[in-house]
Amino acid sequence: MAAKESSSASSTDAKIKRVLTHGGRYAQYNVFGNLFEVSSKYVPPIRPIGRGAYGIVCAAVNADTHEEVAIKKIGNAFDNIIDAKRTLREIKLLRHMDHENVISIKDIVRPPKKETFNDVYIVYELMDTDLHQIIRSDQPLTDDHCQYFLYQLLRGLKYVHSAHVLHRDLKPSNLFLNANCDLKIGDFGLARTTTETDFMTEYVVTRWYRAPELLLNCSEYTAAIDIWSVGCILGEIMTREPLFPGKDYVHQLRLITEVHLMMLALGFFEAIIPEDM
1 MAAKESSSAS
11 STDAKIKRVL
21 THGGRYAQYN
31 VFGNLFEVSS
41 KYVPPIRPIG
51 RGAYGIVCAA
61 VNADTHEEVA
71 IKKIGNAFDN
81 IIDAKRTLRE
91 IKLLRHMDHE
101 NVISIKDIVR
111 PPKKETFNDV
121 YIVYELMDTD
131 LHQIIRSDQP
141 LTDDHCQYFL
151 YQLLRGLKYV
161 HSAHVLHRDL
171 KPSNLFLNAN
181 CDLKIGDFGL
191 ARTTTETDFM
201 TEYVVTRWYR
211 APELLLNCSE
221 YTAAIDIWSV
231 GCILGEIMTR
241 EPLFPGKDYV
251 HQLRLITEVH
261 LMMLALGFFE
271 AIIPEDM
């Protein structure tokens, strides 16, 4: 889980106080008006590093291991059945994955009381940033950067696909990085196994990274949808701009077909595909 709002961390560190609860087994923190209640082994400095529709992410220190971690709070996790399923899906999948290019879950914080179990706290390894932030920054990206990011992304994705799992939401903001340029695939909330027999929804993947078969509402698809997303991400790394920034699904298809027609006109496919194929 990557830091996304580290610039605000220094100004809030001193204001976030720790209050022990439940006989010292848990600790409460007030973060931007959001109540965090986690195991007391997670100690300050507590700093907010990201926000989203799901809630808020904070960095903390595991006192047992002296390791910095990212804690994501999913508030009222069971109010919406779709969101609850996504949370459960991510936990189930990541608990069984172990790869250096896939984000790892360190812990699930158990609720103090089952009767008041409304919020879910997921503890991840802490990363420094995400690829979206790097692309939007002024930091130079060399060919070596592009190749290394792509290599790690494909390496992690090969592992995910070998486990018969489709990620279904690959995009720069779901690819987390540290200062050594190590890349990890995260956010498996929309992932699913290819062995599941229920209906496959077509409304997955953020539009700009969505494969044509999904834009055409195909209900059956393969791991190729993730590979399409990888291509879109690579193009964005190289140009620092989204490859297909469609305003809606019709515009998205138009942008894709325009590029395809341009390649046909330039003889691109004839140049890379042998005549005897």
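Numbering (the UniProt record's numbering), first residue to last: 1 to 277. Even for Gly, the Cβ is constructed at its ideal location relative to N, Cα and C. Keep in mind it's a predicted model, so treat the numbers as computed, not measured.
Proximity below 8 angstroms, CB of residue i to CB of residue j
i	j	result
Pro44	Arg25	no
Pro172	Ile233	yes
Val259	Leu154	no
Ile105	Ile122	yes
Leu177	Asp130	yes
Ala163	Val120	no
Ala84	Leu166	no
Asn34	Ile16	no
Gln139	Arg207	no
Asp169	Asp187	yes
Proximity to residue i [Cα-Cα], best of the options
i	options	result
Asn217	Leu183, Val250, Cys181	Val250
Lys73	His99, Glu37, Met127	Glu37
Val109	Glu220, Leu175, Lys41	Lys41
Thr239	His145, His99, Gln28	His145
Tyr209	Ser219, Thr194, Thr195, Ile227	Ile227
Lys158	Asn101, Thr195, Ala211	Asn101
Leu175	Thr116, Thr195, Leu126	Leu126
Arg254	Phe117, Gly235, Pro212, Pro242	Pro212
Met97	His161, Phe244, Asp248	His161
residue 301	Gln147, Phe32, Asp107	Residue coverage of the chain in this structure runs from 1 to 277, which leaves residue 301 outside it and unanswerable.
Tyr124	Lys247, Ile82, Gln147, Ile91	Ile91
residue 284	Asn80, Arg86, Ile81, Pro111	Because the chain is modelled from 1 through 277, residue 284 falls outside the range shown and cannot be assessed.
Arg136	Thr194, Glu241, Lys247	Glu241
Assumed close pair residue i, residue j - CB separation to whole angstroms, cut-off 8 angstroms
i	j	result
Lys184	Gly156	7 angstroms
Ile225	Phe149	About 20 angstroms; that fails the 8 angstroms criterion.
Gly75	Gly50	14 angstroms between Cβ atoms; not a contact.
Tyr221	Leu214	7 angstroms
Arg192	Arg47	Going by Cβ atoms, the distance from Arg192 to Arg47 rounds to 33 angstroms, so no, they are not a contact pair.
Asp128	Ala179	6 angstroms
Assigned secondary structure, residue i (DSSP; H/G/I helix, E/B strand, else coil)
i	result
Glu125	strand
Asn174	helix
Asp83	helix
Ser40	coil
Pro212	helix
Lys184	strand
Tyr54	coil
Gln252	helix
Lys113	coil
Glu100	coil
Leu20	strand
Phe199	Low local confidence applies: a pLDDT of 48 at Phe199 is under 50, so the model's placement there is unreliable, with the coordinate-based value given in what follows. In this structure, Phe199 counts as coil in the three-state DSSP scheme.
Ala224	helix
Glu67	strand
Lys72	strand
Gln152	helix
Leu190	coil
Lys106	strand
Gln139	coil
Asp119	coil
Near the ligand MG: residue i beta-carbon under 7 angstroms from a heavy atom
i	result
Val19	This structure lacks the ligand MG, and indeed carries no ligand of any kind.
Check: Is the number of C-beta pairs between the region 54-61 and the region 69-86 that are closer than 8 angstroms three or more?
Finding: yes
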